[in-house]
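Residue numbers (numbering that gives the first Met the number 0): 0 to 77.
Each residue gets a CB set at the ideal place from its N, CA and C atoms; glycine is no exception.
Just so you know, these numbers come straight off a predicted model, no measurement behind them.
Working notes for the structure below.
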Amino acid sequence: MSLEKIDIKGHVCPMTFVYTKLALEELNKGDILEVELNFHPAVKNVPKNCERQSLAELIEVREINTNKEIYQLVLKKL
Numbered sequence: 000m001s002l003e004k005i006d007i008k009g010h011v012c013p014m015t016f017v018y019t020k021l022a023l024e025e026l027n028k029g030d031i032l033e034v035e036l037n038f039h040p041a042v043k044n045v046p047k048n049c050e051r052q053s054l055a056e057l058i059e060v061r062e063i064n065t066n067k068e069i070y071q072l073v074l075k076k077l
């Protein structure tokens, strides 16, 4: 199992999902992807789209910086 990270701060939907999907496609089943972002709607939209397309499951949402609304999604590749 490997751990990969992508930083997509500054991007908005639907590009947040596009970058996440591209990163997930490079991973093997069971690998973890940490996605750092600052577009609040993507915190719900990205995991929802990942589950709908059977790409990944949401493990955790971390709020890294409350002042700047920076979040980290922890996804497990399906």
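Exercise for review: Have a look at lysine 8 and asparagine 48 and give me their C-alpha separation to the nearest angstrom.
Suggested key: About 18 Å.
Point to revise | CA-to-CA distance, glutamine 52 to valine 11, given in whole angstroms | key: 19 Å
Check your understanding: Could you give the uninterrupted runs of the beta strand (DSSP E) lying entirely in the region 1-39, keeping only those of 3 residues or more?
Key -> 2-6 and 31-36
Practice item. Identify which residue in Phe16, Phe38, Glu50 and Glu56 has its Cα closest to the Cα of isoleucine 31. Key: Glu56
Practice item. For leucine 2, I'd like the list of residues in its chain whose CB is within less than 6 Å of its CB, leaving aside the five on either flank, ordered along the chain. Key: Non-local C-beta neighbours of leucine 2 in its own chain, meaning closer than 6 Å and more than five positions away in sequence, comprise Ile31, ordered along the chain.
Review point. Among Glu33, Val73, Leu54 and Asn37, which one has its Cα closest to the Cα of asparagine 66?
Key: Taking only the C-alpha atoms, the option nearest asparagine 66 is Asn37.
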